[in-house]
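In terms of my numbering, the sequence shown is residues 60 to 636. Worksheet: one structure, shown below.
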Amino acid sequence: MPYHRADTSAQADKLSGIVEESDLYEGFAPHVETSEIKTLDFYNLPKPTGKEPALRSYTEIQQLLQLGKKHIVKSILRENSWPINSPIRSQLWPTLCGQHLTKQNMLDGFYWEMVHQVFGTTELSEKPIMLPAFVDATHCLPYHLTATGRAVADRIVNVLGYDCPDITYSPVLYPITSLLLHFMSEEEAYLCLAGLVGSKEKTFINQTKLQHEVTWKTVMQIAKKHAKSAVAYFQRICPGQKLERVFMDWCWWILAGLPFQHLVRIMDCYFHEGIKVLYRIALVVLNLFHKECQSNNEWSPDNIKNDIGNALIKFCKKIPVSPAKLLHAAFSIRGLSTQYISRIFIKTEMLLKSRSVLNSGSKQLIKSRSSDNLPTSQSQVNIQMMSHTLTIREKLHSESCRNLLFTLWSWLPVRITMYQPVLLYTTEEHGCSLTTFYVRVEQHEPTLLMIKTCNNEVFGAYCSSRWFERNVKDDKGQRQAYFGTGETFLFSLYPERAKYPWVGIEGDRDLGHSSELFMAADSKMITIGGGEGQAIWMDENIRFGKTDRCKTFNNPPLCPSGDFEIRVLEVYGFVGI
């Protein structure tokens, strides 16, 4: 029968830093083998002085989340070292993961309906269940789950795979499932995973091989800057071994290496902040390991040079710092902003996608540069009939829709050119109103925004994120002024043809906030590009606009006068994305 935890709010709120031996395992679910869980045993740790601040309760955190004070919750999660057995996690973890849940229909009996649909019964089978193909069979880490707990984890992962067919490769999903099950019921664990997998604002779990590869390469690039000495040391002691082999297993340093007590505290923060927490932990692990290599013969070059990756996991199993010190070191790393990480991630992703096209053979490359990669003939006819921006007629100039479309399509990310364009909004048909613009456009990603001025200039932007993100609030509960990613770019089609990509693609250096102002919008205006000027700005009536040079794209004004009157605005989406 499904396990349902009794209400533990009173128990969860009675917390202290002192754990009585008699109730050492009170915080765990029934499918956990508590006898295997060891208490922390560190040397040279300072003894409690009795002056430590009281640990915060679940009720306090819940109230802060309801008030939208996520930044305060972030600080609390980082600083409060709840005991490993604390009952707070039976409520805290589901609440943290529930923030990210997008499918609200899951909240009432959804999971057990899915179980019955997949297995024909809600009774737990005694026979092993075949796991989905996206699971890494070599890393199905159960931690301290009993045999029943493992069977429950198998079932959860199967149901998730059935409900989310887009997950094609996700090796960390099973270990995360196991960790969740230590503190909650099967249904609660599933809902937590659904929130993490479906999150739109933050990344928690990679779900494809491309995302997995981009992530470990991002960690490697970040380490070259923030764990520079460790990376240089590895390259020096084993010059013949590729650095990539070390970083491919970065997540297993944490999930398969660190003691359970460390993992639980890391998860307290991870379920709120996302994968960037794991990035920070990985950097601390590298720096600590490098430090130990200098003073501990166990990690001498001769002992680790043949397999640094495995040595890192072994080091993590007996890491010489407490969970609190590990987290403190991780969150003390400076210059590791979300924007910086996002820039490295996007640049790496774009590079890998470009290489995949090149590696698929010359025929594919030729095809991507030819008219075969344009929209279908019918789509071209539809665009030519409907578009007022891609058709330009002047006394001395006639530009065909097909030629302009070919130019524009050659600038789009390769994966986007595989989809057919659809006209979402045009002022010619839908009127000149930002409200209508948002209703018709805001849920689509990406979009192609094209402006034709009263002087026949044609320019626009490829907008990588949904316009709905103008409503998303940051950790402080404030609407974010700018959003979008480094895939966003500007372009001009007439009289000049030019593409202006994000300046961050050119290098790894941190260019500052003014170079990451991609998209902004509210009820009064739309802006694309910022920093000492706005590349494109339009008013709420979609009638007047202006264009300046901006730091984000390092573009010239997209029309000579700077100010312009809009003859027509068109926005295209892509079918099938």
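All C-beta atoms, glycine included, are put in the ideal place defined by N, C-alpha and C.
Exercise. Ser429: buried (16+ other C-beta within 10 angstroms of its C-beta) or exposed?
Worked result: Unreliable placement is indicated for Ser429, whose pLDDT of 36 sits below 50; no coordinate value is reported for it.
For this session: Spatial neighbours of Pro616 within its chain, please: CB distance less than 8 Å, with the 5 preceding and 5 following residues excluded, ordered by chain position.
Result: Thr606, Asp607, Arg608
Problem set entry | Residue interval of the alpha helix (DSSP H) (run including Leu552) | Leu552 -> not in any alpha helix (DSSP H); beta strand (DSSP E) instead, spanning 548 to 553.
Exercise. What does DSSP give as the partner residues of Phe542 in its beta bridges?
Worked result: Met578
For this session: Quick one: give me the first and last residue of the alpha helix (DSSP H) that Ala557 is part of.
Result: Not the alpha helix (DSSP H): Ala557 falls in the beta strand (DSSP E), residues 557 to 560.
Problem set entry | Beta-carbon spacing of Leu411, Val305 below 9 Å | no
Exercise. CA-CA distance, Asp213 and Trp311?
Worked result: 20 Å
Exercise. Which residue or residues does DSSP assign as beta-bridge partners of Val91?
Worked result: Beta-bridge partners assigned by DSSP to Val91: Leu204.
Exercise. In chain order, what residues of the same chain lie with their CB nearer than 8 Å to the CB of Val531, ignoring the 5 residues before and after it?
Worked result: The beta carbon of Val531 lies closer than 8 Å to those of Glu260, Arg538, Gln539, Phe542 in the same chain, with the five residues before and after it left out.
For this session: Kindly indicate which residue of Cys513, Pro472, Lys284 has the alpha-carbon position closest to the one of Gly394.
Result: Lys284
Exercise. What residues in its chain sit with their C-beta under 7 Å from that of Leu345, if we drop five residues either side in the sequence?
Worked result: Here Leu345 has Ala282, Ala286, Ala289 as same chain residues with Cβ atoms under 7 Å from its own Cβ, once five neighbours each way along the sequence are excluded.
Exercise. In terms of residue numbering, what span does the alpha helix (DSSP H) encompassing Glu488 cover?
Worked result: DSSP places Glu488 in the uninterrupted alpha helix (DSSP H) bounded by 486 to 489.
Exercise. Ends of the alpha helix (DSSP H) at Arg499?
Worked result: If you look at Arg499, you'll find it in the alpha helix (DSSP H) that goes 493 to 500.
Exercise. Applying the criterion that 16 or more other CB atoms from any shown protein chain within 10 Å of the CB defines a buried residue, is Gln593 buried or exposed?
Worked result: That one is buried.
Exercise. Helix, strand or coil: which one does DSSP assign to Val380?
Worked result: coil
Exercise. Of all the options Lys558, Met243, Tyr292, Ile334, which has the alpha carbon lying nearest to the alpha carbon of His349?
Worked result: Cα-wise, what sits closest to His349 is Tyr292.
For this session: Would you kindly work out how many angstroms separate the C-alpha atoms of Ile637 and His159, rounded to a whole number?
Result: Outside the displayed range of the chain (60 to 636) lies residue 637, so it cannot be described from this structure.
Exercise. Does the stretch 190 to 204 touch the stretch 217 to 233, meaning 3 or more C-beta pairs lie closer than 8 Å?
Worked result: yes
Exercise. Gln716: which of Ile296, Tyr338, Asp308, Lys384 sits nearest, CA to CA?
Worked result: Because the chain in this structure spans residues 60 to 636, residue 716 falls outside the shown range and cannot be described.
Problem set entry | Cβ neighbour criterion (16 or more within 10 Å) applied to Ala113 | It is exposed - the Cβ of Ala113 has fewer than 16 other Cβ atoms within 10 Å.
For this session: Could you tell me the boundaries of the beta strand (DSSP E) in which Trp596 lies?
Result: 595 to 598
For this session: Let me know the secondary structure DSSP gives Tyr521 once reduced to three states.
Result: strand
Exercise. Between Ser520 and Gly588, is the Cβ-Cβ spacing less than 9 Å?
Worked result: Checking the sequence, you will find Ala at residue 520 rather than Ser. In this structure, Gly588 lies closer than 9 Å to Ala520 by Cβ.
Exercise. For Gln320, which beta-bridge partners are listed by DSSP?
Worked result: Partner(s): none; Gln320 has no beta bridge.
For this session: Sort Asn365, Phe390, Glu357 by Cα distance to Phe374 and report the nearest one.
Result: Glu357
Exercise. Where does Gly257 sit, in a helix, a strand or coil, going by DSSP?
Worked result: helix
Exercise. Going by other Cβ atoms of all chains shown within 10 Å of its Cβ, with 16 needed for buried, is Asn355 buried or exposed?
Worked result: exposed
Exercise. Exposed or buried, Ser551, counting other C-beta atoms within 10 Å across all chains shown (16 or more means buried)?
Worked result: Ser551 comes out buried.
For this session: Just grab the DSSP bridge partners of Tyr631 for me.
Result: Leu482, Leu507
Problem set entry | Member of Thr180, Val91, Ser237 whose CA lies at the smallest distance from the CA of Cys199 | Ser237
Exercise. Smallest Cα separation from Pro153: which of Thr118, Gly127, Leu250, His489?
Worked result: Minimum Cα distance to Pro153 is reached at Leu250.
For this session: Whole angstroms is fine: what's the gap from Gly661's alpha carbon to Asn139's?
Result: Within the shown structure, residues of the chain are numbered from 60 to 636, placing residue 661 beyond reach of any answer.
For this session: Consult DSSP for Phe603 and reduce its assignment to one of helix, strand or coil.
Result: Per DSSP, reduced to three states, the secondary structure at Phe603 is strand.
Exercise. Straight-line CA distance for Thr181 to His321?
Worked result: Going by the C-alpha atoms only, they are around 34 Å apart.
Exercise. Leaving out the 5 sequence neighbours to the left and right, which residues in its chain are closer than 6 Å to Thr207 when beta-carbon positions are compared?
Worked result: His90
Problem set entry | Through-space distance from Met307 to Ile188, alpha-carbon basis | 28 Å
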